[in-house]
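Beneath this line is the structure, given in structure tokens, with notes to follow.
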Amino acid sequence: MADTVTYNAFRITPLSGPENYGPWKVQMGDIITEMDLNDHINPEVTPPTDTAKKAVWDKADRRTLSSIRLRVAPNIVQHIQGETTALGAWQMLSALFELKGQMGLILARHKFYSTRALDQQPLEPHIKMMRQLQGELRSLGQEVSDSDFAVTLLSSLPTEWDSFIRANLHGTINPQSKTVIADILTEERRRYEKDGLTPEELAIAMAATHNRRSVTRQSRQPASNFATSSSTWKRAICHRCGGKGHIARVCPSSEIEDVNEPDKAHAVFGVYEEEENDSDNDYAL
1 MADTVTYNAF RITPLSGPEN YGPWKVQMGD IITEMDLNDH INPEVTPPTD
51 TAKKAVWDKA DRRTLSSIRL RVAPNIVQHI QGETTALGAW QMLSALFELK
101 GQMGLILARH KFYSTRALDQ QPLEPHIKMM RQLQGELRSL GQEVSDSDFA
151 VTLLSSLPTE WDSFIRANLH GTINPQSKTV IADILTEERR RYEKDGLTPE
201 ELAIAMAATH NRRSVTRQSR QPASNFATSS STWKRAICHR CGGKGHIARV
251 CPSSEIEDVN EPDKAHAVFG VYEEEENDSD NDYAL
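Residue 233 in the UniProt record's numbering sits at position 233 of the sequence shown, and the numbers go up by one each step.
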């Protein structure tokens, strides 16, 4: 009983569809292996015919099947609710969501090499997505080398990262992915700190821009207060285009001004327009 509780304590993101089948399959397989029930999803293993051994097998198989069902989304359960064995459920999910064959390989390769990070979006989720796509290719028998992954990841960064990419690849023949990822995240933190924003505050500022809302000058509040304290919201002024309602990092203008010009040295990011009776100075983000 204690073992059952321990095994049931493993928590992973439920299978929701083809978009997360790859990592789910790996994690679910690890859970079943930890439960020492891997034979129940192995098509090469034949269930015993002896009555006593079969009773033990059936009980363990039911545990395996339950473990799978408990780790898929409700809309996925309907696909396997008729399956009576763990192997049947496992193979059904594979048939539904796993890319297979040459067409699957072509689609997976296209997605891996054409995926691009969105401008002004945090990069950690993008890196995780690239790792997931690499795993999908591996499952199809297409191994992506570590240096190939590193170069592809750098190539997927937004154009504003071009100078960083050139510096990172300069004099490097076979870049290591762990080094490249560490450099990307370090550079991203440096840019946030230079602009005076945390990643959470940047996300809030972007949401405000898309919703045509103002950005509060109290940008160093906790994220929850920053998002909900409507009485402290100010109208943001962009130092790149001069427009209101957004900041330079998320400026919709395609023509970006050079913020390094002497007369714009103070205008690295953006300021907040003071309300009519506010005597304070403008605040730079």
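Ideal Cβ positions, reconstructed from N, Cα and C, are used throughout, including at glycine.
| Query | Result |
| --- | --- |
| Start-to-end residues for the alpha helix (DSSP H) that takes in Met35 | Segment: none, Met35 is in no alpha helix (DSSP H) and carries neither H nor E. |
| Cα-Cα separation between Leu69 and Ser94, rounded to whole angstroms | Residue 69 is actually Arg in this sequence, not Leu. Cα to Cα, the separation comes out at about 14 Å. |
| Runs of alpha helix (DSSP H) wholly within the region 17-99 (minimum 4 residues, chain order) | 21-34, 51-69, 74-80, 86-97 |
| Residue span of the alpha helix (DSSP H) that contains Glu136, given as start and end | 124-139 |
| Proximity to His110 [Cα-Cα], best of Trp90, Ser156, Leu96 | Ser156 |
| Residue from Met35, Lys53, Pro47, Thr49 with nearest C-alpha to Ser66 | Met35 |
| Cβ separation of Ile32 and Asn38, assumed to be a contact under 8 Å, to the nearest whole Å | 6 Å |
| For Leu154, the three-state DSSP class (helix, strand or coil) | helix |
| Bridge-paired residues (DSSP) for Leu15 | Val72 |
| Contact set for Asp183: own chain, Cβ-Cβ below 7 Å, skip 5 residues either direction | Asn168 |
| Cβ-based neighbour list, Asn42, same chain, cut-off 8 Å, excluding 5 preceding and 5 following | Leu87 |
| For Leu107, three-class secondary structure by DSSP | helix |
| 8 Å CB neighbourhood of Thr85 in its chain, flanking five on each side removed | His40, Asp61, Leu65 |
| Exposed unless 16 or more other CB atoms sit within 10 angstroms - verdict on Ala150 | buried |
| Val191 (DSSP reduced to helix, strand or coil) | Position check: residue 191 holds Arg in this sequence, whereas Val was assumed. Three-state result, Arg191: helix. |
| Close-in-space but distant-in-sequence residues of the same chain around Ile165 (CB under 8 Å, 5 per side omitted) | Leu154, Ser155, Leu157 |
| Beta-carbon separation (whole angstroms), Leu96 vs His79, contact threshold 8 Å | 6 Å |
| Through-space distance from Pro74 to Leu15, alpha-carbon basis | 9 Å |
| Counted within 10 angstroms of its Cβ, other Cβ atoms place Glu136 as buried (16 or more) or exposed | buried |
| Through-space distance from Glu193 to Asp58, alpha-carbon basis | 58 Å |
| Close Cβ partners of Ser177 (< 6 Å) along its chain, the five nearest in sequence each way excluded | Asp146, Phe149, Ala150 |
| C-beta contact flag for Leu123 and Glu19 at 8 Å | no |
| C-beta contact flag for Thr172 and Tyr113 at 8 Å | no |
| Contact set for Tyr21: own chain, Cβ-Cβ below 7 Å, skip 5 residues either direction | Leu15, Phe97, Glu98 |
| Burial state of Val45 (16 or more Cβ within 10 Å) | exposed |
| Cβ separation of Ile127 and Ile181, assumed to be a contact under 8 Å, to the nearest whole Å | 6 Å |
| Reference Arg116; option with closest CA among Gly17, Trp24, Leu133 | Leu133 |
| Whole-angstrom C-beta distance between Leu140 and Ala89, which should lie under 8 Å | 22 Å between Cβ atoms; not a contact. |
| Proximity test, Cβ basis, 8 Å: Glu98 and chain D | Structure shown: chain D not included; a single protein chain is present. |
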